[in-house]
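Report on the structure given below.
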Amino acid sequence: MGLFDNFDPTLAAHDLVQDLKWDPELRQQFEKDEGSVLDRYALRPAERQAIEQRDFRKLYDLGFHPYLGGQLARLIYGNDVDGAIRAVNKLVSSLTGKS
Amino acid sequence: MAELVYAAGIPHAPTLVGLFSRAPAEVQKVVRDSCDALVQELDAARPDVLIVFANDHLTNSRISAYPDFLIGMAAEHSGPHEWFKPWIGCRDYSAKGDTAVAEALFRGMTKRGIRMNAERKNLNFDDNISVPTVLMDLDKRPVRVVPVLQNTTVPPYPDQRRCYAVGQALAELIRDDLPAGLRVGLIGSGGLSHEPGGSRYYFIDEEFDRWFLDLCCSGDHRRLLDELTIDRMEAAGSGGTSELLAWVVVMGAIGERPGRSFGYAIHKEFRCGIGAVSWSVNGHVAGRG
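Going down the list, the protein sequences come from chains A and B. Residues in the first sequence are numbered from 1 upward in steps of one, following my numbering. Residues in the second sequence are numbered from 100 upward in steps of one, following my numbering.
Laid out in structure tokens, this is it:
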């Protein structure tokens with residue numbers, strides 16, 4: 001199955017990741033109190049749960065865009081050169097069921 | 100009648116900057132040799148303006164309103180965007196823009212039935228523009244840059260035939276709409292095979308990459324359009340390999356002509372196949388094969 005077979009452009013999580021990239025203050029809040037940031041978005045229950053559980057497989061199955069998945073992993077696990085390696089490994093582990 | 104004087108396809112993997120020093124010597128050599136050759140050719144071609152087609156990594160627009168092509172019309176293009184800077188690990192830059200050429204591009208594409216969007220403010224640049232700019236020091240050279248950010252990952256997006264047609268329209272526009280004597284260069288920025296965000300994040304399709312580079316050098320555009328399908332690019336790395344559609348725009352603009360490759364490098368930690376091609380177009384009148 002291709003990465004885009006389930007793609008659902010209506011997921012609110014897409015806007016969440018975009019806003020986190022564009023807004024440093026929102027990023028800080030996300031780091032301190034993730035739940036309060038998630039509250040701002042019309043996330044479906046399964047969508048929110050997948051984010052909270054760092055379950056990228058579930059998020060992709062719901063239709064999340066994989067490129068934003070890579071960026072969400074960096075927002076969570078690290079966004080510098082080495083943090084990105086950590087993020088990639090965490091993401092791949094989740095997607096392959098090896099986490 | 101403006102003149103096409105330079106055309107190249109180059110990768111923009113952020114790891115080419117951030118992880119370059121950790122790569123094996125033979126991989127570094129391919130990157131260095133490619134950059135050196137591209138820069139030498141650029142300096143010899145002396146373009147006044149470089150139009151750079153490069154995919155947007157969902158950095159400027161929401162998925163709910165995602166443009167297929169977004170022209171940067173600012174007088175200066177500064178980057179990288181704040182969030183992408185530590186990831187790329189590159190220096191700040193501010194490249195000269197060309198608002199008049201950007202406006203002519205927007206106007207001319209609209210006139211030719213090709214929907215493009217345009218933005219006067221500085222766009223958010225990730226690796227798409229930032230990596231070629233710092234690797235080739237475009238901001239330090241006497242050339243103006245017009246970035247065109249392209250959708251190659253939010254379905255549905257323009258396929259190889261549409262991108263080639265955009266390139267053909269671009270050639271006509273350069274010939275008929277841009278000022279006489281203006282020297283124009285084209286860069287397609289993206290690729291080679293990679294799968295950002297997918298379970299095959301570390302997968303690099305060497306067979307595909309070598310096939311693609313050979314095809315670019317062959318100048319056989321009928322085969323290019325028949326075989327470089329979205330399905331084939333997806334198989335070689337979902338969501339990332341299709342960045343090569345930016346190269347297809349350039350090939351549409353220059354018409355069938357042989358290219359020159361500068362080698363190929365595969366390094367797992369780069370998470371992307373590495374190779375570049377340039378095409379000899381010096382003196383070529385845009386849109387006349």
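Where is the CB? At the ideal position from N, CA and C, for every residue including glycine.
Return the first residue and the last residue of the beta strand (DSSP E) that V151 (chain B) is part of.
V148 to N154
Under 8 angstroms between C-beta atoms, does V245 (chain B) make it to chain A?
no
Applying a beta-carbon distance threshold of less than 8 angstroms, which residues of chain B neighbour L74 (chain A)?
It is Arg, not Leu, that sits at residue 74 (chain A) in the sequence shown. Neighbours of R74 (chain A) on chain B, chain order: W186.
Is the number of C-beta pairs between the region 349-364 of chain B and the region 312-322 of chain B that are closer than 8 angstroms three or more?
With the cut-off at 8 angstroms, the region 349-364 of chain B and the region 312-322 of chain B touch.
On a CA-only basis, which of A:L95, A:N79 and A:Q71 is nearest L14 (chain A)? Give me that one, please.
It should be noted that the sequence gives His, not Leu, for residue 14 (chain A). Of the listed residues, the one whose Cα sits closest to H14 (chain A) is A:Q71.
Which of the three DSSP states is assigned to R370 (chain B) in this structure?
coil
Return the Cβ separation of L291 (chain B) and P110 (chain B) in integer angstroms, given the expectation that the two are a contact with Cβ distance under 8 angstroms.
6 angstroms
P246 (chain B) lies in the beta strand (DSSP E); which residues open and close that run?
R243 to Q249
Could you name the residues of chain B that V37 (chain A) contacts, counting a contact when the two beta carbons are closer than 7 angstroms?
Near V37 (chain A) there are no residues of chain B at all, since even the closest Cβ is about 15 angstroms away, more than 7 angstroms.
Could you confirm whether any beta carbon from chain A is found closer than 8 angstroms to the beta carbon of G388 (chain B)?
With a pLDDT of only 46 at G388 (chain B), under 50, the local geometry of the prediction cannot be trusted, and no value is derived from it.
Would you mind telling me which residues of chain B sit closer than 7 angstroms to Y67 (chain A), beta carbon to beta carbon, in chain order?
H156, L157, T252, P295, G296 and G338
For D15 (chain A), would you say it is in contact with chain B, using Cβ-to-Cβ distances shorter than 8 angstroms as the test?
Yes, contact with chain B.
Tell me, please, whether the region 319-334 of chain B touches the region 134-153 of chain B by the rule of three or more beta-carbon pairs shorter than 8 angstroms.
no
Report buried or exposed for G97 (chain A), applying the criterion of at least 16 other Cβ atoms within 10 angstroms of its Cβ.
exposed
Is the shortest distance between the beta-carbon of L3 (chain A) and the beta-carbons of chain B less than 8 angstroms?
Interface residue, yes.
Beta-carbon within less than 6 angstroms of F119 (chain B)'s beta-carbon, same chain only, minus the 5 sequence neighbours each way: which residues are those?
none
In chain B, what lies closer than 7 angstroms to D80 (chain A) by C-beta?
P185 and W186
Do you know whose CA, among B:V380, B:V376, B:I365 and B:R370, lies nearest Q127 (chain B)'s CA?
Nearest option by C-alpha distance: B:I365.
Residue ranges of each alpha helix (DSSP H) run of no fewer than 4 residues wholly in the region 167-250 of chain B, ordered along the chain?
184-187, 198-210 and 226-234
Hey, does I162 (chain B) have any beta-carbon neighbour from chain A nearer than 8 angstroms?
So, interface residue.
In chain A, which residues lie with their C-beta within 7 angstroms of the C-beta of L118 (chain B)?
Going along chain A in sequence order, the residues near L118 (chain B) (Cβ under 7 angstroms) are V81.
Against L91 (chain A), what residues of chain B qualify as contacts under a CB-to-CB distance less than 8 angstroms, listed in chain order?
G296 and Y300
Please look up how many angstroms separate the CB atoms of Y192 (chain B) and V233 (chain B), rounded, as I've assumed it's under 8 angstroms.
6 angstroms
Tell me, which residues are paired with R359 (chain B) by DSSP?
B:S377
For R219 (chain B), which residues of its own chain have a beta-carbon under 7 angstroms away from its beta-carbon, when the five flanking residues on both sides are left out?
Result list for R219 (chain B): M172 and A173, in chain order.
Closest to E294 (chain B) by C-alpha separation, out of B:F369, B:R190 and B:W346, would be which residue?
It is B:F369.
Could you pull the start and end residues of the beta strand (DSSP E) that V283 (chain B) belongs to?
In this chain, the beta strand (DSSP E) harbouring V283 (chain B) covers R282 to S288.
Determine whether the beta carbon atoms of V348 (chain B) and F224 (chain B) lie at a separation below 8 angstroms.
no
With a cut-off of 8 angstroms on the beta carbons, I'd call N6 (chain A) and D61 (chain A) a contact; round off their distance for me.
6 angstroms
Looking at C-alpha atoms only, which residue of A:A12, A:H65 and A:I76 is the closest neighbour of Q28 (chain A)?
A:I76
Of all Cβ atoms in chain A, is any one closer than 8 angstroms to the Cβ of W182 (chain B)?
Yes, W182 (chain B) lies at the interface with chain A (some Cβ there is under 8 angstroms from its Cβ).
Measuring alpha carbon to alpha carbon, tell me which residue in B:T340, B:A164, B:G296 and B:N221 is nearest R57 (chain A).
B:G296
Mind checking which residues open and close the alpha helix (DSSP H) that includes I273 (chain B)?
Unbroken alpha helix (DSSP H) run through I273 (chain B): Q259 to D275.
Determine the DSSP secondary structure at G388 (chain B), reduced to helix, strand or coil.
Annotation note: pLDDT 46 at G388 (chain B) (below 50); position unreliable, no value reported.
Listed from N- to C-terminal order along the chain, which residues in the region 213-229 of chain B have their beta-carbon within a distance smaller than 9 angstroms of any beta-carbon of chain A?
N223
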